[in-house]
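Chemist:
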Amino acid sequence: MARTVKVTKAALKEADTLVESLRELVWIDLKNQYAGFEEMLQSRISDAEEAILEATKGKLAIIAGIGVMRKDLERAQRRFSRSNEAKELREFLVDLSGRIFRLREANDTIVESLKSVLSPNLNAIEIVEKFASDLQRSAGTWERNGREIDESILELCDDHEPAELGDLEHFISKQGYDALVEIPTHSSSDEDA
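The sequence shown begins at 1099 in this note's numbering and counts up one residue at a time.
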């Protein structure tokens, strides 16, 4: 039996509701996934920025310290060349070795602080891959909802002829009227005559 227009309109409205629901779901998923993606990227940059700036300041301080130590060494060499005091030069060099050791320790600390930047939990490429993977998972739900929409539309597309039409033709035939309603076929030779 064919559906009434009212039932069909109600079913179409239900399909439209499914479409709107899918739009909303996609939009919410995209917003949430993008917010997480943006947060991870921003965290990656801000963490790296802080560590890199501190490392740069530390390296500049080490370089400045090296410059001062070089000048001190040149002065000590000049004093030694005038006085030939090996003991004084030795004391200076021992002190200088201690200062160099402290600069190396400071540099090691800087290198250690940069390890978190060089080997983060998630690098930018992995963040993008995670975002794409999360979207792919969400897309599975979107596809399922899209399938429901198509199924509800297909249910409304009845391409079979109404049973009532066959019933009417059968009734006409049963009553013996089919000979009266037969349409004669004309051949092209009949039309020429």
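Cβ coordinates follow ideal geometry from the N, Cα and C atoms, glycine included.
#1: So for S1119, helix, strand or coil by DSSP?
#2: Is I1225 buried or exposed, if buried means 16 or more other CB atoms sit within 10 Å of its CB?
#3: Anyone know if the C-beta pair for V1124 and W1240 falls short of 7 Å?
#4: For S1211 and A1162, which I take to be in contact (beta-carbon distance under 8 Å), what is that distance rounded to the nearest angstrom?
#5: Return the CA-CA distance between A1237 and A1222, expressed in angstroms with no decimal places.
#6: In this structure, does DSSP put N1205 in helix, strand or coil?
#7: So, helix, strand or coil for H1258, using DSSP?
#8: In three-state terms, what does DSSP make of Y1275?
#9: Y1132: which of T1102, R1173, S1231, T1207 sits nearest, CA to CA?
#10: Whole angstroms are fine: how far does the CA of E1259 sit from the CA of M1270?
#11: Please return the same chain residues whose Cβ sits closer than 7 Å to the Cβ of A1146, not counting the five positions on each side in sequence.
#12: Have a look at D1193 and S1217 and give me their C-alpha separation to the nearest angstrom.
#13: On the premise that A1109 lies in contact with S1250, defined as a C-beta separation below 8 Å, what is that separation, rounded to the nearest angstrom?
#14: Between the C-alpha atoms of E1186 and F1178, what's the straight-line distance to the nearest angstrom?
#15: What's the C-alpha gap between R1188 and T1207?
Modeler: Based on what the coordinates show:
#1: One-based indexing of the sequence shown puts residue 1119 at position 21. Three-state DSSP puts S1119 in a helix.
#2: Within the sequence shown, residue 1225 is the residue found at index 127, counting from 1. Result: buried.
#3: In the sequence shown, residue 1124 corresponds to position 26, counting from 1. In the sequence shown, residue 1240 corresponds to position 142, counting from 1. Result yes, Cβ atoms of V1124 and W1240 sit closer than 7 Å.
#4: By one-based count along the sequence shown, residue 1211 stands at place 113. By one-based count along the sequence shown, residue 1162 stands at place 64. The Cβ separation is near 19 Å, so there is no contact.
#5: Position 139 of the sequence shown, counted from the start, is the residue given in the question as residue 1237. Position 124 of the sequence shown, counted from the start, is the residue given in the question as residue 1222. If I take the Cα positions, the gap works out to 22 Å.
#6: Residue numbering aside, residue 1205 sits at position 107 when the sequence shown is read from its first letter. In this structure, N1205 counts as helix in the three-state DSSP scheme.
#7: Residue mapping note: residue 1258 aligns to position 160 of the sequence shown, counting from 1. In the structure shown, H1258 sits in coil (DSSP, three-state: anything other than H, G, I, E or B).
#8: In the sequence shown, residue 1275 corresponds to position 177, counting from 1. DSSP places Y1275 in coil when its eight states are reduced to three.
#9: Numbered from its first residue, the sequence shown carries residue 1132 at position 34. Out of T1102, R1173, S1231, T1207, S1231 has the C-alpha closest to the C-alpha of Y1132.
#10: The residue labelled residue 1270 in the question sits at position 172 within the sequence shown. The residue labelled residue 1259 in the question sits at position 161 within the sequence shown. The sequence given here places Ile at residue 1270; Met does not occur at that position. Cα-Cα distance, rounded: 17 Å.
#11: Counting from one through the sequence shown, the residue named residue 1146 turns up at place 48. Correct list, in chain order: V1215.
#12: Taking the first residue of the sequence shown as 1, we reach residue 1193 at position 95. Taking the first residue of the sequence shown as 1, we reach residue 1217 at position 119. Going by the C-alpha atoms only, they are around 36 Å apart.
#13: Against the sequence shown, residue 1250 aligns to sequence position 152. Against the sequence shown, residue 1109 aligns to sequence position 11. About 7 Å separates the two Cβ atoms, so the contact holds.
#14: As a working mapping, residue 1186 is identified with position 88 in the sequence shown. As a working mapping, residue 1178 is identified with position 80 in the sequence shown. The straight-line gap from Cα to Cα measures roughly 8 Å.
#15: Numbered from its first residue, the sequence shown carries residue 1188 at position 90. Numbered from its first residue, the sequence shown carries residue 1207 at position 109. Answer to the nearest angstrom: the Cα atoms are 29 Å apart.
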